[in-house]
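As C-alpha cells, the structure follows; a few thoughts come after it.
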Amino acid sequence: MNQPVDRPNAQRFVDKVILVTGAGSGIGRAAALAFAREGGRVVAADRNGQSAEAAVAAIRDGGGEASAVTVDVSRFEDCRAMVQHTLETYGALHIAFNNAGIPSPIGGQFEDVDIADWQRLIDTNLNGVFYAMKAEVPAMRACGGTAIVNTASVASHIAQPGMPAYVASKHAVAGLTRAAALDLIPHGIRVNAICPGLTRTGMLAEALATPEAEAQLGAQAPIGRVGEAEEAAAVALFLASDEASYMVGSLLVVDGGVMLL
Ligand SMILES: NC(=O)c1ccc[n+]([C@@H]2O[C@H](COP(=O)([O-])OP(=O)(O)OC[C@H]3O[C@@H](n4cnc5c(N)ncnc54)[C@H](O)[C@@H]3O)[C@@H](O)[C@H]2O)c1
C-alpha cells in the first residue's frame, strides 16, 4: 500500500510523439520509459547526451521506440533544434514534458547568492521551460495540439530556507504554466504542471547518501518516506493523457503530504 505501482497494460500514448527534457536522469528518465511502455514514440532530450542515449537504449531494450537528442534548454536555439529533431524523426509533436532543472547551490542564504549562480539557475529552470514551450507550440499546433506538462515543485507554492533562486524559479514556472494554459487552450493545448516534493533522483543523491540521511529526509513527509521518480512521472503521464482532458493550468502536488504541514 502507498508504494509505486506499474501499469503494464495501460496503452494511453499509442500514436503519440512525446518530447521529454531532462530525460537522462530521475523524473524525466522515469517518464520517458513510462511513456514508451504505454506505446508513445519518445524523444529523450538532455544536456548530458550520453544519459539521453542510455535512456533510449533502455526504452529499446523494452521493445519501445525512442530517439535521443542533446540539448541545453537554457539556449533557445538548442530548443528549436530539439523540436526540429523531433519533427524530422517522427513527423509530429503531440506531448511535451518540460522537466529539465537544476538544484540550488547548497547552503546559500539570500545575501550569499552569487549573481552567476542566480543567472544559471533562472536560465535553466525558468527560461529553459519558456524556451522549450516557445519552440514546441508551433509544432504542436500543427498537429492539432494536446498537452504540455511542466515540472514545477512544492517550491512553487512555499518558500524554503537558503534557496531563493530555486524558489523564485519554481514560483515563476507555476505562473508561466497558468498564463500559458490560458493562452494555449484555445489552440487545443492543455498546459499543466507537476509539483514534486522530496524525490529520489540525481538531484537528491547527496542528501540521500546514507540510510540515516534518507530516514531523516523521509520523516519530513507525512507519508514517512521520500518519493520515487516513478511516482512523480506517473502524475506527469496522467496530466499528459486524455484522462486529464478537462485539466487546464493545474499544479498537481506529488509530495507525500509535505505541504499539509
Ligand atoms: N528530486 C526532487 O526532490 C525534486 C523536487 C521538486 C522538483 N524537482 C524538479 O524535477 C525536475 C527533474 O529533476 P530530477 O529530480 O529528476 O533531477 P535529476 O538531476 O535526476 O535530473 C535532471 C536532468 O535534467 C538535465 N538537465 C539539467 N539542466 C539541463 C539543461 N540546461 N538542459 C537540458 N537538460 C538539463 C540533467 O542532465 C538531468 O539529466 C527538475 O525540474 C527539478 O527541479 C525535483
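Going left to right, the sequence shown walks through residues 0 to 260 as numbering that gives the first Met the number 0 numbers them.
A virtual CB, placed ideally from N, CA and C, is assigned to each residue, including glycine.
Task: Nearest-angstrom Cα separation, counted from Asn124 out to Gly174 - done: As a first step, residue 174 is located in the sequence shown; it is residue number 175 there, counting from the start. As a first step, residue 124 is located in the sequence shown; it is residue number 125 there, counting from the start. Using only the alpha carbons, I get a separation of about 13 angstroms.
Open item on the list: Measuring only the C-alpha atoms, how far is Ala228 from Ala141?
Closed with: Residue numbering aside, residue 228 sits at position 229 when the sequence shown is read from its first letter. Residue numbering aside, residue 141 sits at position 142 when the sequence shown is read from its first letter. Going by the C-alpha atoms only, they are around 32 angstroms apart.
- [ ] Verify whether the separation of the beta carbon atoms of Ala43 and Thr69 is less than 8 angstroms.
- [x] For this step, residue 43 is matched to residue 44 along the sequence shown. For this step, residue 69 is matched to residue 70 along the sequence shown. No, Cβ-Cβ distance for Ala43 and Thr69 is not below 8 angstroms.
TODO: Go ahead and label Asn1 buried or exposed: buried means 16 or more other beta carbons lie within 10 angstroms of its beta carbon, across all protein chains shown.
DONE: Working through the sequence shown from its first residue, we reach residue 1 at position 2. Under this definition Asn1 is an exposed residue.
Open item on the list: What would DSSP say about Asp45, mapped onto helix, strand or coil?
Closed with: For this step, residue 45 is matched to residue 46 along the sequence shown. Strand at Asp45.
Open item on the list: Report the start-end ranges of each beta strand (DSSP E) in the region 161-198 that is 3 residues or longer and not cut off at the edges.
Closed with: 189-195
TODO: Rank Ser249, Asp111, Ile114, Tyr130 by C-alpha distance to the C-alpha of Asn97 and give the top, closest one.
DONE: Within the sequence shown, residue 97 is the residue found at index 98, counting from 1. It is Tyr130.
Task: From Val128, Met246, Ala151, Pro3, residue whose alpha carbon lies closest to that of Ser73 - done: Along the sequence shown, read from residue 1 onward, the residue named residue 73 stands at position 74. Ser73 has its Cα closest to that of Val128, out of Val128, Met246, Ala151, Pro3.
Task: Within the region 81-132, ranges of the beta strand (DSSP E) (whole runs, at least 3 residues) - done: 94-97
Task: Val225, DSSP secondary structure in three states - done: Sequence index remark: in the sequence shown, residue 225 carries index 226 (1-based). Of the three classes helix, strand and coil, the one that applies to Val225 here is coil, per DSSP.
Task: Beta carbon of Met202 nearer than 8 angstroms to that of Pro102 - done: In the sequence shown, counting from the first residue as 1, residue 202 sits at position 203. In the sequence shown, counting from the first residue as 1, residue 102 sits at position 103. In this structure, Pro102 lies closer than 8 angstroms to Met202 by Cβ.
Open item on the list: Following a CB-centred definition, is Gly127 positioned closer than 7 angstroms to any heavy atom of ligand 2?
Closed with: Here the bound small molecules are ligand 1; ligand 2 is not part of this structure.
- [ ] Could you check which residue in Gly248, Phe237, Pro163 has the C-alpha nearest to that of Ala179?
- [x] Mapped onto the sequence shown, residue 179 falls at position 180. If we check each option's Cα against that of Ala179, Gly248 comes out closest.
Open item on the list: Going by C-alpha to C-alpha distance, which of Leu181, Ala151, Asp182 sits closest to Leu171?
Closed with: For the purposes of this step, residue 171 is taken as residue 172 along the sequence shown, with counting starting at 1. The residue you asked about is not Leu; residue 171 is Ala in the sequence shown. Ala171 has its Cα closest to that of Ala151, out of Leu181, Ala151, Asp182.
TODO: Quick one: grab the DSSP three-state call for Ile17.
DONE: As a first step, residue 17 is located in the sequence shown; it is residue number 18 there, counting from the start. Strand.
TODO: Could you tell me which residues DSSP puts in a beta bridge with Arg140?
DONE: One-based indexing of the sequence shown puts residue 140 at position 141. Answer is none; Arg140 lacks a bridge partner.
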